[in-house]
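There are 4 protein chains.
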Amino acid sequence: MKKQPVFLIVGGDLRQLYTAKALCDDGVVYVLGFDAHVAVPEGVRRWDTTAEQADYLILPMPCTTDGVLVHAPFASQGISLSGLPQLLSRDALVLGGRVCAATRAVFADCGVSVTDYYAREELSVLNAVPTAEGALQLILEELPTTVFGLRCLITGFGRIAKVLSKILVAMGADVTITARKPEDLVWAELCGCKAVPIAQLEHLLGETDLICNTVPALLFAQEQLRLLPPDALVIDLASKPGGVDFDAAQQLGIKTIWALSLPGKVAPISAGESIAATIRNILRERGRE
Amino acid sequence: MKKQPVFLIVGGDLRQLYTAKALCDDGVVYVLGFDAHVAVPEGVRRWDTTAEQADYLILPMPCTTDGVLVHAPFASQGISLSGLPQLLSRDALVLGGRVCAATRAVFADCGVSVTDYYAREELSVLNAVPTAEGALQLILEELPTTVFGLRCLITGFGRIAKVLSKILVAMGADVTITARKPEDLVWAELCGCKAVPIAQLEHLLGETDLICNTVPALLFAQEQLRLLPPDALVIDLASKPGGVDFDAAQQLGIKTIWALSLPGKVAPISAGESIAATIRNILRERGRE
Amino acid sequence: MKKQPVFLIVGGDLRQLYTAKALCDDGVVYVLGFDAHVAVPEGVRRWDTTAEQADYLILPMPCTTDGVLVHAPFASQGISLSGLPQLLSRDALVLGGRVCAATRAVFADCGVSVTDYYAREELSVLNAVPTAEGALQLILEELPTTVFGLRCLITGFGRIAKVLSKILVAMGADVTITARKPEDLVWAELCGCKAVPIAQLEHLLGETDLICNTVPALLFAQEQLRLLPPDALVIDLASKPGGVDFDAAQQLGIKTIWALSLPGKVAPISAGESIAATIRNILRERGRE
Amino acid sequence: MKKQPVFLIVGGDLRQLYTAKALCDDGVVYVLGFDAHVAVPEGVRRWDTTAEQADYLILPMPCTTDGVLVHAPFASQGISLSGLPQLLSRDALVLGGRVCAATRAVFADCGVSVTDYYAREELSVLNAVPTAEGALQLILEELPTTVFGLRCLITGFGRIAKVLSKILVAMGADVTITARKPEDLVWAELCGCKAVPIAQLEHLLGETDLICNTVPALLFAQEQLRLLPPDALVIDLASKPGGVDFDAAQQLGIKTIWALSLPGKVAPISAGESIAATIRNILRERGRE
């Protein structure tokens with residue numbers, strides 16, 4: 002009988018516990034970095050010094066915020082990155098989310114490369130689902146009208162916009178996509194949306210109840226925001242710089258929400274299962290299955 | 002030039018203010034039963050003794066809870082039903098929601114019959130939308146998983162079930178309808194759901210993450226509830242008796258929400274506009290347009 | 002071991018052979034009224050005088066056209082209705098489609114009542130699917146444009162209109178429903194269509210590429226047809242009187258197709274399986290399962 | 002007043018006439034290469050020697066089959082490529098479909114480059130619609146069952162597969178996508194399909210009523226075809242090499258259709274309008290609008 006592979010999941014938030022749970026179908030799973038008061042799913046073992054050596058080490062997203070300790074918000078004691086290599090079996094694989102140079106350096110010293118599961122396209126697609134659903138939850142909570150009949154403007158037509166627009170169209174909203182590429186506009190129309198080149202954005206704003214921005218560029222400065230109806234809602238789903246001048250919005254009294262990191266917040270179980278599915282794909286491609 | 006019709010809207014909650022607002026396109030609109038601190042939408046007038054006689058009197062849903070005073074939760078002073086007939090013009094129409102015998106009696110004395118807009122099928126259909134969206138909001142708020150992939154069981158296939166299942170199917174949930182009538186089961190399959198005769202309900206329960214009950218009969222007693230997974234969510238959308246034994250659910254630790262009167266809570270603007278649309282249909286059918 | 006029930010299927014077109022095939026899961030199945038050159042599905046037996054007595058006799062739709070012989074277009078020799086009762090076991094059930102008085106009379110003489118499976122609502126719903134798909138096939142064959150973007154007008158919002166509009170909306174057509182009842186118009190909007198009261202039908206005609214009529218009343222007389230663009234296509238799905246003045250359409254050069262009995266023509270297998278499913282429901286309700 | 006631009010459309014099939022018609026909104030449009038008996042849409046002019054010089058020359062797809070004459074199946078007399086440059090105004094743009102070296106050479110001599118509208122992504126997306134609808138028409142025509150409930154396998158998840166699966170899912174088919182990339186499989190699931198890695202293709206074949214192949218690689222050799230049910234239908238939508246061993250299919254009695262160039266066949270009007278829309282995008286990007 003073939004020995005079961007050993008997974009060691011270190012640090013991260015609740016998502017990682019659900020990743021751990023999902024991986025129980027694939028082998029023995031230990032977690033490290035969750036204090037005793039944090040319940041661990043059935044089947045998942047807490048790591049201690051008697052544990053087997055790990056064939057797969059799973060680091061969180063991000064792996065570390067200071068380059069020294071693993072990012073482990075549920076651990077009261079720091080877990081040093083540099084202590085991890087000794088827990089690995091020979092030929093172990095290390096996987097992490099948004100792997101930084103410091104993390105790579107630690108493992109490179111022992112000849113181990115780190116695979117970034119967060120760079121995998123399928124995980125980005127999977128994460129679009131809880132992001133879109135989280136945005137929908139905000140819309141339902143904030144607006145005193147139904148989504149049915151709502152005039153929505155979504156900027157961009159990437160993964161999140163595709164999933165979100167599909168839901169809103171199915172709910173009977175009147176969805177307009179604005180984007181730059183002609184093929185995105187065609188796809189938007191095939192998906193039941195109106196499609197308007199981004200150059201014409203401003204003509205749309207007066208007739209919009211809801212804006213969902215997915216473009217990380219300042220599309221909504223004061224100049225654009227003042228064209229919105231006063232009771233419009235703006236949800237910014239774009240990462241880092243965001244797409245909205247929040248100060249200007251506040252001055253104009255336009256309700257604006259910058260919704261970041263929705264998957265872990267609204268659906269940690271699904272988000273964890275998606276990480277597990279992605280890890281499984283990586284292992285299969287490496288012939289590790 | 003034809004004289005504009007005069008609407009008088011008495012009592013009710015915020016929905017009635019939005020009904021008032023929507024009716025401003027159709028005539029002059031007064032409201033009565035909203036204290037000074039409650040903002041009234043632009044275009045809507047507060048009734049006072051100088052107001053014109055009303056061609057249309059709109060009572061809330063319900064019209065009254067004690068048979069004497071209009072149901073007016075936003076008024077600190079009582080408004081007597083019996084004082085209303087004198088505010089009407091000749092040939093005025095009176096409309097109300099769930100009109101009771103006491104209300105009918107007050108107007109019958111002056112030879113005026115009361116039309117029940119709440120008995121109109123199109124209003125029931127329109128109200129299914131905010132009800133389904135309100136249920137969706139609860140699902141999104143309560144569950145740590147995505148709706149995508151969620152195993153949902155909806156009992157009954159009336160208006161609310163039809164609208165709710167359409168949304169859940171579009172979001173990628175795995176939706177099963179259980180109902181009594183063979184034709185309902187066929188329709189459910191045509192709508193992308195699985196369909197199971199209600200006699201087989203119990204076989205489904207072990208594999209269900211979410212139950213939405215729309216049948217006003219005790220389908221979920223202790224016997225059924227104990228078959229559910231412990232982290233299942235039960236939302237009861239059925240009126241009056243409901244369909245769930247809440248005490249049994251609590252003992253079993255099954256999270257259960259009895260969600261009543263969702264339209265006015267989650268989407269008062271849309272709910273008010275739906276009442277206005279229904280009133281417009283009634284007037285058109287009476288040749289009053 | 003319980004004796005298997007015996008089905009005898011007499012007359013009808015190919016659908017009845019597929020009904021026969023589907024019923025092989027439920028018992029022993031004989032067919033009568035298909036000449037030797039007509040292939041019979043695997044598992045189905047041809048009736049002869051050595052056959053067992055039938056527990057269930059299934060007549061076609063219609064049962065008879067002359068009141069004397071079973072409607073059996075694939076049989077070169079006539080099969081007399083009056084000879085059938087002697088083939089039945091005690092307590093046999095007789096089922097037929099659109100059962101006429103003559104058929105009832107034949108069996109009433111032996112104390113057997115005839116159940117009309119064609120009167121069952123679930124069969125009507127099931128038949129809406131091949132009808133809508135058959136209409137779609139005509140649309141795809143006839144029009145030199147895509148359904149995507151097509152301006153379609155469907156009259157009525159019964160079963161066929163519901164299924165057909167669902168498909169057309171999903172394909173990106175611009176679908177308008179016109180109907181009489183306010184609740185039908187609301188449902189049409191919830192299903193992603195535009196909805197227009199039938200009184201305003203004529204305003205729509207100039208902007209319509211395709212009409213699918215499901216209302217058995219003369220909605221499209223010369224007066225209406227002449228408002229259509231010259232290259233519009235009219236498909237009449239309404240039974241008996243139909244809804245289109247075909248002579249007027251021909252004079253105006255408007256292409257018009259009266260599409261009747263589509264289920265048996267476009268999808269005899271599915272149509273036969275639907276009859277079998279309906280028969281199974283009837284037996285279950287009678288406790289015969 | 003600004004002078005209207007002059008378009009000259011040379012050669013091609015009916016699509017080019019509809020391209021011409023659609024471009025009438027943008028300027029003066031001449032066509033060349035359609036004999037007198039071929040009707041030309043209203044507003045479109047036949048080119049003769051008195052015509053103005055062309056600002057935009059539109060060649061068909063392909064531009065030429067022999068490198069000398071324009072591909073002009075509706076012209077009885079040959080139109081030489083080399084004669085076209087003299088019909089152009091200064092700064093004219095030349096556009097063609099699948100522009101070959103010979104065509105480029107002719108115009109390069111006069112310092113004119115040729116833009117390939119067929120290489121534009123948005124045209125490929127637009128053409129996926131009539132391709133998918135054409136495939137659907139074949140399915141409806143060929144199969145004696147409804148699409149509702151049909152077990153369909155689509156190989157690949159590019160443009161055509163995305164549009165076709167969307168329609169089939171909406172019609173209630175049971176659609177499985179098989180593809181290589183993990184992210185394509187995730188997208189397929191988000192679109193309501195089952196998704197199976199292409200390595201597991203053979204396990205699916207026994208339970209499949211319809212195969213639509215979009216992958217230009219021999220996925221269906223004798224070995225695979227013999228796993229199909231005998232009444233399965235195979236539609237090959239892949240270009241050039243195709244994906245099916247047609248001889249093997251014939252020997253096995255598996256009905257197989259190689260469906261090429263569907264847009265021009267099933268929806269020439271829409272196909273022509275798509276070319277016009279693409280040309281408009283090109284002109285806008287060049288600041289020519």
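Protein chains in written order, with the numbering used here: chain R, 2 to 290; chain W, 2 to 290; chain Y, 2 to 290; chain G, 2 to 290. Even for Gly, the Cβ is constructed at its ideal location relative to N, Cα and C.
So, does the CB of residue i fall closer than 8 Å to a CB anywhere in chain W?
i               : result
I270 of chain R : yes
V113 of chain Y : no
V130 of chain R : yes
E122 of chain Y : yes
When the cut-off is 8 Å and only beta carbons count, does residue i lie next to chain R?
i               : result
L70 of chain Y  : no
L127 of chain G : yes
Would DSSP call residue i helix, strand or coil?
i               : result
P6 of chain Y   : coil
G188 of chain W : Just to set this straight, residue 188 of chain W is Trp in the shown sequence, not Gly. Correct three-state label for W188 of chain W: helix.
T177 of chain R : strand
V95 of chain R  : strand
F108 of chain G : helix
I199 of chain Y : helix
V267 of chain Y : helix
T132 of chain Y : helix
K256 of chain R : strand
D1 of chain Y   : Beyond the ends of chain Y as shown, which are 2 and 290, falls residue 1 of chain Y; an answer cannot be given.
L58 of chain G  : strand
L18 of chain Y  : helix
Please tell me whether residue i has its Cβ less than 8 Å away from any Cβ of chain Y.
i               : result
L186 of chain R : no
P42 of chain G  : no
Is residue i close to chain G? Criterion is C-beta to C-beta, closer than 8 Å.
i             : result
G1 of chain W : Absent from the structure is residue 1 of chain W, since the part of chain W shown begins at 2 and ends at 290.
Here's the rule: buried if 16 or more other CB atoms are within 10 angstroms of the residue's CB, otherwise exposed. What is residue i?
i               : result
G273 of chain G : buried
R16 of chain W  : buried
S275 of chain Y : buried
A120 of chain W : exposed
S77 of chain G  : exposed
D56 of chain Y  : buried
P6 of chain Y   : buried
C1 of chain Y   : With chain Y covering only 2 through 290, there is no way to say anything about residue 1 of chain Y.
A268 of chain Y : buried
Q225 of chain G : buried
Determine whether the beta carbon atoms of residue i and residue j lie at a separation below 8 Å.
i               : j               : result
D232 of chain Y : I258 of chain Y : no
D175 of chain G : L219 of chain G : no
L94 of chain G  : V11 of chain G  : no
C25 of chain R  : C64 of chain R  : no
E184 of chain G : V126 of chain R : yes
L9 of chain G   : Y31 of chain G  : yes
L89 of chain W  : Q54 of chain W  : yes
A129 of chain W : R160 of chain W : yes
Are the C-beta atoms of residue i and some chain B residue less than 8 Å apart?
i               : result
E134 of chain W : Absent from the structure is chain B; the protein chains it does hold are R, W, Y and G.
Please list, in chain order, the residues of the stretch 137-154 of chain W that have any C-beta partner in chain R closer than 8 Å.
Answer set for the stretch 137-154 of chain W: L137, Q138, L141, E142, L144, P145, T146, T147, V148, F149, G150.
Contacting positions in the stretch 255-289 of chain W - beta carbon closer than 8 Å to chain R
Residues passing the 8 Å Cβ filter: V267, A268, P269, I270, S271.
In chain order, what residues of the stretch 153-183 of chain W put their CB closer than 9 Å to some CB of chain R?
Per Cβ criterion, the list reads V164, K167, I168, V170, A171, M172, G173.
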